[in-house]
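Asks:
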Amino acid sequence: MSKRVVYMFHSIGQLSANDSADIHYNFSTTKFFQLLQMLGNEVSSIERSMNIDNDCNAVIGFDDGHISNYNIALELADRNYGNADFFINPSTIGQKDYMSWSQLKELDDLGMSIQSHGLDHVYFSDLSAALQTYQLEKSKAIIEDKLSSPVHLFAPPGGRFNEQTLEACHHAGYRAIAHSAPDNWTDSTSFLIPRVPVHSMDSAYSLYSFTRDRSFCLQRMRLAYQLKLWVKQALGNNRYDRFRSQVLGV
Ligand SMILES: [Zn+2]
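Per my numbering, the sequence shown runs over residues 20 to 269.
1) What is the C-beta distance between residue 106 and residue 136, in whole angstroms, given that I count them as a contact (C-beta under 8 Å)?
2) Go through its chain and collect everything with a Cβ distance to residue 16's Cβ below 6 Å, but skip five positions before and after it.
3) Does the separation of the CB atoms of residue 139 and residue 151 fall below 8 Å?
4) Taking DSSP's pairing of strands, which residues face residue 46 in a bridge?
5) May I ask you to check if the CB of residue 140 is nearer than 7 Å to at least one heavy atom of ligand 1?
6) Return the CA-CA distance between residue 131 and residue 63, expressed in angstroms with no decimal places.
7) Just reading off the alpha helix (DSSP H) that residue 134 is part of, what are its end residues?
8) Check whether the Cβ atoms of residue 134 and residue 104 lie closer than 8 Å to each other.
9) Assuming residue 164 is part of the alpha helix (DSSP H), what are its boundary residues?
10) If you count every other CB in all the chains shown that lies within 10 Å of the CB of residue 204, and 16 or more means buried, which is it?
11) In terms of DSSP beta bridges, what is residue 141 paired with?
12) Taking 7 Å as the cut-off, does the CB of residue 83 come closer than this to any heavy atom belonging to ligand 1?
13) Looking at ligand 1, does it come within less than 7 Å of residue 176, judged from the CB to the closest heavy atom?
14) Could you tell me how far apart the beta carbons of residue 187 and residue 148 are, in whole angstroms, since I believe they sit closer than 8 Å?
15) So, does the segment 208–218 touch the segment 44–51, judging by three or more C-beta pairs under 8 Å?
16) Going by the C-beta, is residue 198 closer than 7 Å to any heavy atom of ligand 1?
17) Distance, Cα to Cα, residue 99 vs residue 75?
18) Residue 37 to residue 112, Cα distance in whole Å?
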């Protein structure tokens, strides 16, 4: 398979005053469609790319199941731009700021791929092996039951996972983990699929440049990711989150 970039989005467009979405990962609708235009208005999902050999070098996905993803998915389908993966937590579906099961069913019927982000939005690296297995099996079973479509992919909340997660995913019947350490996706059979996290401050062009031979952009992002990982490991997940909210003011 040719080199691909897997973009990881969260909420898209203007958020309401007390929206629970993380504003640092909120991306503007205008920039989203600018990026798509640069990509030739053709994107694919990981699920589709694993099963069908296509030429599409841009893959997109959305974590968390935010309500804004519903309209974006309808527009993708309406404009015939392709499909995307939606990594959701069954425990938040139907709640304020999140899509409902009937909306997800609509997206599933349109060919979108609905996958697991865990049963709850918890850091897997903080869980025992047994709890990780429970989260993986339960979320998979609920999504498959509600939508009658197979779940093959897992995106760890906050990108936090460990060796036990790999084993638990294999055991629960997942085909791959879509994580958040930025890199190109070069092997459709690999169990670990790197993604490029999209932040609110990113420009459409800087994101587009990952699909060109602009490896310095990717190297810079990898370095920033590695630094963040060291801080997370040094502080632990709870202290890191408190530190982050003090620094970012959220
Ligand atoms: Zn998440």
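Glycine residues also receive a C-beta, built at the ideal position from the N, C-alpha and C atoms.
Replies: By the coordinates alone:
1) 4 Å
2) Not covered by the structure: residue 16. The range shown for the chain is 20 to 269.
3) no
4) 31
5) yes
6) 9 Å
7) Not the alpha helix (DSSP H): residue 134 falls in the beta strand (DSSP E), residues 132–135.
8) yes
9) 148–166 is the span of the alpha helix (DSSP H), which, as asked, contains residue 164.
10) buried
11) Beta-bridge pairing links residue 141 to no other residue.
12) yes
13) yes
14) At roughly 6 Å, the Cβ-Cβ gap stays under 8 Å, so residue 187 and residue 148 are in contact.
15) yes
16) no
17) 14 Å
18) 18 Å
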